[in-house]
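Okay, structure first, notes after.
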Amino acid sequence: MIVKFLYDKGLRSEHANNVACAAIGLSIASWFASRTVEGKGLDRADRWGIFVATWPATWFGLGQALSQYERTVISFGR
Numbered sequence: 027m028i029v030k031f032l033y034d035k036g037l038r039s040e041h042a043n044n045v046a047c048a049a050i051g052l053s054i055a056s057w058f059a060s061r062t063v064e065g066k067g068l069d070r071a072d073r074w075g076i077f078v079a080t081w082p083a084t085w086f087g088l089g090q091a092l093s094q095y096e097r098t099v100i101s102f103g104r
């Protein structure tokens, strides 16, 4: 089970949720940087922003799974 493995390695739900929040900022930053620095047009900047914007959902989902696992571990012990 991946969630148990990640929990045993020290990843907690709050870590995953913090990464998800950071990924939202990274999405905005990558869109802005692609738009201004690269100069390859708005379409490319939108693609970068959308690509990075898929990450927060994954991290929030992982945070939710870890949160449920943490409740199970605390309730029933190991």
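With the working numbering as the guide, the letters of the sequence shown map in order to residues 27 to 104. Each residue gets a CB set at the ideal place from its N, CA and C atoms; glycine is no exception. Since the model is a prediction, treat every value here as computed from it, not as a measurement.
Ala46 vs Gly89 beta-carbon contact at 9 Å: yes
Just checking my contact of Leu92 with Val29 at CB under 8 Å: how many whole Å lie between their CB atoms? 6 Å
If you draw a straight line from the alpha carbon of Ile54 to that of Gly75, how long is it in whole angstroms? 6 Å
With a 10 Å radius around its C-beta and 16 neighbouring C-beta atoms as the bar for buried, classify Ala48 as buried or exposed. exposed
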